[in-house]
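Step one of this worksheet: look at the structure below.
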RNA sequence: GCGAGCGUAGCCAAGUGGUUAAGGCAGUGGUUUGUGGUACCACCAUUCGUGGGUUCAAUUCCCAUCGUUCGCCCCA
């Protein structure tokens, strides 16, 4: 086949699937609006430096997954691989922190990473995220988790589990990192190659290796929870107690670490047992150092991102989402009738009814069949006789009853029922 | 980036080294006039993702390539 096809890792979202996306978007919008989070829309590409500095040079995302390019003005740009860096850049650039101590923001949009595509993992994918900037209060952590939890359960998802951990502050992490290096070094030759590599680069990440032999060694590794400073510990305790008060079930996973450098204190993931290897639907945590690292004032922050492709995969396993019900289906055939049908359709639509106009010119039986399949409540049948008289056939598709009515009568009948 | 599987019509799917590539769903036309069901009839892949090779002969075997799926990596 010589026709052009969608690029690897990109896809079109077509009819049945799009209803899930629309549902998820409307639920998200409602919940976030009620929580008084403000939507923010940032560019799909940013200067490469923003991600290199923000996400961390040593991360895989920056190291090998970014869509970077030089534009015609010799600038190095990158399609955003995640949403937080751009939001923080906007916060700093517009000095949003000066308008209010705490900013509560949310975003959704396409992100880009050069990865091996798989179910629920595309090169162009979509995330929904929230960021609370300017509060170190444990309530901020608990609030964002509560919002994620409400959002997911509102969508009807069960079998979700919140995994929770604290990675402490910068000093805690440093001390823990050293402890891990000390622990793993004697086992260095027994680690899998990836983990061996991380020993010097990013030892925390050895913890969530899936390699069986590495896992065995990890079993007895020191726990981050033993390296938390009293303040970090207190913060963590408060988050746990707030979640308990909210009735949000969670389990502590001291081996939960995040892939991005900017995380501190609370780290969490919401996972589904129904997703195979791409189990994490929502991931987030605190990132107290990021704003300062990108040149802004010292600003504590917490947020999460939800992978929408994975969420849609889950939703599709639940109930079927249908398009909104159809009120009218306009059937017409004939030289006088067909032009008239559009006028009728527009009038009914203006009266507030969802109305489909059949443009096929097919025979009446065919069009009526389609009206039934489309789930319409009424069919309006217009032939040349009706077009001339101004009286249309209004057919109730459930009962099969049909009457001859004017446009005004037709609308008032529909309004009454 | 690594390992493995898969790729036949809009969808599902059988198939074999050898004249015309099953079947089902959907679609279209029809069984005389402008009305939903059922039944019946007809039509619907010059071609098996693409390119190359082996062979007298390939959808079938081999190689490459593209896409996709699963796992690793990573992440949401």
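Numbering (my numbering), first residue to last: 180 to 596.
Cβ coordinates follow ideal geometry from the N, Cα and C atoms, glycine included.
Here the structure is a predicted model, which is why all the values come from computation and not from measurement.
| Asked | Found |
| --- | --- |
| Straight-line Cα distance separating residue 224 from residue 439 | 19 Å |
| Proximity to residue 306 [Cα-Cα], best of 401, 370, 366, 288 | 288 |
| Spatial neighbours of residue 185 in its chain, beta-carbon cut-off 8 Å, leaving aside the 5 residues before and after | 191 |
| Cβ-Cβ distance between residue 450 and residue 436 below 8 Å | no |
| DSSP-derived helix/strand/coil call for residue 555 | strand |
| Beta-carbon spacing of residue 408, residue 344 below 8 Å | no |
| Residues near residue 387 in its chain [Cβ-Cβ closer than 8 Å; skip 5 each side] | 434, 435, 436 |
| Bridge partners - residue 339, DSSP secondary structure assignment | 451 |
| Three-state class that DSSP yields for residue 226 in the structure shown | strand |
| Endpoints, the alpha helix (DSSP H) within which residue 564 is located | 563–568 |
| Element boundaries [alpha helix (DSSP H), containing residue 581] | Segment 581–584 is the beta strand (DSSP E) holding residue 581; no alpha helix (DSSP H) there. |
| Buried or exposed by the 16-neighbour rule on C-beta atoms within 10 Å, applied to residue 413 | exposed |
| Where the beta strand (DSSP E) through residue 414 begins and ends | Looking at the DSSP string, residue 414 is not in any beta strand (DSSP E); the run it does join, the alpha helix (DSSP H), is 409–425. |
| 8 Å Cβ cutoff met for residue 462 and residue 448 | yes |
| Distance CB(residue 346)-CB(residue 231) smaller than 8 Å | no |
| Residue 180 versus residue 318: straight-line alpha-carbon distance, rounded | Because residue 180 carries a pLDDT of 42, less than 50, the predicted location of this residue cannot be relied on, and the following value inherits that uncertainty. The straight-line gap from Cα to Cα measures roughly 56 Å. |
| Beta-carbon proximity check, residue 482 vs residue 281, cutoff 8 Å | no |
| Bounding residues of the alpha helix (DSSP H) (the contiguous stretch that carries residue 571) | It is not in any alpha helix (DSSP H) - residue 571 instead sits in the beta strand (DSSP E) that spans 571–575. |
| Cβ distance (whole Å) where residue 264 is taken to contact residue 229 below 8 Å | 5 Å |
| Contact the segment 537–557 vs the segment 506–526: 3+ CB pairs below 8 Å | yes |
| Endpoints, the beta strand (DSSP E) within which residue 534 is located | 534–536 |
| Alpha helix (DSSP H) runs contained entirely in the segment 226–258, provided each spans 4 or more residues | 227–234, 239–243 |
| Same chain, Cβ closer than 6 Å to residue 333, neighbours up to 5 away in sequence not counted | 206 |
| Best match in 513, 591, 187 for proximity to residue 560 [C-alpha to C-alpha] | 513 |
| Residues near residue 528 by beta carbon distance below 8 Å, same chain, minus five either side | 534 |
| 6 Å Cβ shell around residue 429 - same chain, five flanking residues per side excluded | 341, 343, 422 |
| Host alpha helix (DSSP H) of residue 199 (start-end) | 194–213 |
| Which residues DSSP lists as bridging residue 282, in chain order | 312 |
| Expected contact under 8 Å - CB spacing of residue 312 and residue 443 to nearest Å | About 14 Å; that fails the 8 Å criterion. |
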